[in-house]
Structures are given as structure tokens and as C-alpha cells.
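Down below is the structure, laid out as C-alpha cells.
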Amino acid sequence: MELTKSQVEAISLEITKKTGTKCPACGQSNCFSISQHVNHLISGKLKEDGDVSLIGATFLPVIAVTCTNCAHISFFNYSKLKERLTEK
Ligand SMILES: [Zn+2]
């Protein structure tokens, strides 16, 4: 799902309000790039042949925040962010 510019701005504000603007890996400030899409972490079942089955898989919607200095990625639960943004 693609996010609108105002959604990205609201999410950015909500995240930085709670976490600050420092990268937890390199310590650089104000160097975040927030994904323009909602991404999904998938939890599938590992099959005996080593492949992953997506039958019955669960999906967790996340916002990926990437440090433009060191490329560290943090994920934030989009469902929780959306709840907070709609409460306002
Ligand atoms: Zn960094």
C-alpha cells in the first residue's frame, strides 16, 4: 500500500516524537528515510525440503525506516501507528 505524502509526514512525526532522531546503530542524527509504502513481514512455515510455505502464513504490516548514513533498518508496526494517528 502506497502512503500519501501527508501520511508519511504524520508517521515520521509520530516515530521521531517517541524515538528521537538518532540512528540506534551509528548515532547519526536526522538521517532517516521512511518508506513510502507499507511493507509486510511474512511468517511462513518451514517445509522439510527447506522451502517456506506461505499457506497459513501471517503478515505484519510495517513501516521501514532506513538510516541514510549506515543503512541500518528499523521496522515500526504500521497497525499501531495507524491507531495512534486516527486517535488524533
Ligand atoms: Zn545509522
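Start counting the sequence shown at -3; every next residue gets the next number (the numbering used here).
Note that CB positions come from ideal geometry on N, CA and C, so glycine has one too.
Please read these numbers as outputs of a predicted model, since none were measured by experiment.
Residue of the options minimising C-alpha distance to residue i
i: S29; options: S8, T15, L56 and L42; result: S8
i: S31; options: T82, L81, R80 and T64; result: T64
i: A21; options: M(-3), S70 and L81; result: S70
i: G33; options: F72, E83 and R80; result: In the sequence as presented, Gly is not what sits at residue 33; that position holds His. Of the listed residues, the one whose Cα sits closest to H33 is F72.
Start-to-end residues for the alpha helix (DSSP H) that takes in residue i
i: V4; result: K1 to T15
i: T82; result: Y74 to E83
Cut-off 7 Å between Cβ atoms - residues of its own chain near residue i, not counting five sequence neighbours on either side
i: L42; result: V48
Start and end residues, beta strand (DSSP E) containing residue i
i: K41; result: N35 to L42
i: A60; result: V48 to C63
i: S29; result: F28 to I30
Chain B within 9 Å of residue i, Cβ atoms only
i: I7; result: The structure shown has no chain B; it contains just one protein chain.
Contacting residues, own chain, Cβ-Cβ under 8 Å from residue i (five flanking each side not counted)
i: H68; result: C19, P20, A21, C22 and T62
6 Å CB neighbourhood of residue i in its chain, flanking five on each side removed
i: Q24; result: N65
i: L81; result: A6
| request: May I have all residues whose beta carbon comes closer than 6 Å to any heavy atom of ligand 1, sorted in chain order? | output: C19, A21, C22, Q24, C63, N65, C66 and H68
| task | Spell out a yes or no on whether the region 55 to 66 and the region 29 to 38 are touching, meaning 3 or more CB-CB pairs, one atom from each, closer than 8 Å. | result | yes
| query | Quick check: the region 2 to 16 against the region 40 to 51, are there 3 or more CB pairs under 8 Å? | reply | no
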